[in-house]
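Presented below is the structure to which this report refers.
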Amino acid sequence: MKKLLLTGFVPFLEFRVNPTEEIAKALDGKVIGDYEVVGRVLPVEFSQTAVRAIELYEEVQPDVVIHLGLAGGRSKITPERIAINCSDGAADNSGVVLEDATIKEDGPDGYFSTLPIRKFVNVLKENNLPATISNSAGTYLCNFVMYNTLHYIQQQGKQTRAGFVHIPASHELSIQQPSVPSWSQQDLQRGIELMIQSLD
Ligand code: PCA
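Quick note, the sequence shown lines up with residues 33 to 232 if you use this note's numbering.
Here's what the structure looks like:
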């Protein structure tokens, strides 16, 4: 059976829970479509996140990698089109702040997702879940891990499909921060399951 590495993140900044952590844990060990899912949770620390993601990649030897992240403020599930070679913005969970930082000196400006992002969006919409492609994963940890994973796969000459999907906040988060749009945790999880189900 094919293997899919699914990662979520721990809570960060003002978000006291991370729905992606719950999804990664809930789907760990499940068989969805043609894939056995290995669900793992990543730290939100520039010094640790990519190292851990690559360790997991080597351990699991997946056919597909889907990194999940919370995009508090977005109202749709948004598969990311591209990761850029730049980190910048808010402090990570260990207080590190990067500004205009190049992720890989020897890397290209960007890497396109190798996941079927258009198919993901179509499948989600057919199932009544709002979705759209996002053209920016930002410059925080989500972009960082997507860039690092795609760079590693390319450097290793592997064919593994990989990319990143941002999801909206859960209701639990929106109760703490009422201006943030939210979905039920159940629908968020169903969206991820549908995407995995649609993979060849
Ligand atoms: N979202 C953040 C980092 C962790 C997460 O879940 C981001 O969008 O970069």
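Glycine residues also receive a C-beta, built at the ideal position from the N, C-alpha and C atoms.
Query raised in the report: What separation, rounded to the nearest whole angstrom, lies between the Cα atoms of Leu182 and Val83?
Result: The residue labelled residue 182 in the question sits at position 150 within the sequence shown. The residue labelled residue 83 in the question sits at position 51 within the sequence shown. Going from the Cα of Leu182 to the Cα of Val83 covers about 13 Å.
Query raised in the report: What's the C-alpha gap between Ile149 and Phe176?
Result: Numbered from 1 along the sequence shown, position 117 holds the residue referred to as residue 149. Numbered from 1 along the sequence shown, position 144 holds the residue referred to as residue 176. The straight-line gap from Cα to Cα measures roughly 19 Å.
Query raised in the report: Quick one: what's got a C-beta closer than 6 Å to Val129's C-beta in the same chain, skipping five residues either side?
Result: Against the sequence shown, residue 129 aligns to sequence position 97. Only Ala123 meet the Cβ criterion.
Query - Backbone CA spacing between Gly195 and Ile224 [nearest angstrom] - result: Numbered from 1 along the sequence shown, position 163 holds the residue referred to as residue 195. Numbered from 1 along the sequence shown, position 192 holds the residue referred to as residue 224. About 13 Å.
Query raised in the report: So, are the CB atoms of Gly101 and Val73 less than 7 Å apart?
Result: Looking up residue 101 in the sequence shown gives position 69. Looking up residue 73 in the sequence shown gives position 41. Cβ atoms of Gly101 and Val73: not closer than 7 Å.
Query - Where Ala260 sits in the DSSP three-state scheme - result: Since the first residue shown for the chain is 33 and the last is 232, residue 260 is missing from the structure and cannot be characterised.
Report task. Would you mind working out which of Cys174, Gly189, Gln191 and Gln188 sits nearest Cys118, comparing C-alpha positions? Result -> Translated into the one-based positions of the sequence shown, residue 118 becomes position 86. Among Cys174, Gly189, Gln191 and Gln188, the Cα nearest to that of Cys118 is on Cys174.
Query raised in the report: Whose C-beta lies closer than 7 Å to the C-beta of Pro185 among residues of the same chain, with five residues either side of it excluded?
Result: As a first step, residue 185 is located in the sequence shown; it is residue number 153 there, counting from the start. Note on identity: in this sequence residue 185 is Ile, with Pro being the wrong assignment. These residues qualify, in order along the chain: Thr192 and Ala194.
Report task. Compute every distance between the C-beta of Phe144 and the non-hydrogen atoms of ligand 1, then say whether any falls below 6 Å. Result -> Locating residue 144 in the sequence shown gives position 112, counting from the first residue. No, since every heavy atom of ligand 1 falls outside the 6 Å radius drawn around the Cβ of Phe144.
Query raised in the report: At which residues does the alpha helix (DSSP H) containing Thr39 begin and terminate?
Result: Translated into positions along the sequence shown, residue 39 becomes position 7. Not the alpha helix (DSSP H): Thr39 falls in the beta strand (DSSP E), residues Lys34 to Phe41.
Query raised in the report: From this set, Ile55, Leu38 and Thr52, which residue's C-alpha is nearest Pro239's C-alpha?
Result: With the chain running from 33 to 232 in the structure shown, residue 239 is simply not present.
**Report entry** Per-residue burial, Val197 [other beta carbons within 10 Å of its own, 16 or more giving buried]
**Finding:** Within the sequence shown, residue 197 is the residue found at index 165, counting from 1. Classification for Val197: buried.
Report task. Counting only the same chain and skipping the five closest in sequence on each side, list residues whose C-beta sits under 7 Å from that of Trp215. Result -> Translated into positions along the sequence shown, residue 215 becomes position 183. These residues qualify, in order along the chain: Pro200 and Ser202.
Query raised in the report: In whole angstroms, what separates the C-alpha of Ile5 from that of Leu36?
Result: The chain is shown only over 33 to 232; residue 5 falls outside these bounds and no answer can be derived.
Requested in this report: Counting only the same chain and skipping the five closest in sequence on each side, list residues whose C-beta sits under 6 Å from that of Thr81.
Outcome: The residue given as residue 81 occupies position 49 in the sequence shown. Leu74, Pro75, Leu173 and Val177, listed in sequence order.
Query raised in the report: Is Lys34 buried or exposed, if buried means 16 or more other CB atoms sit within 10 Å of its CB?
Result: The residue you call residue 34 lines up with position 2 of the sequence shown. Under this definition Lys34 is an exposed residue.
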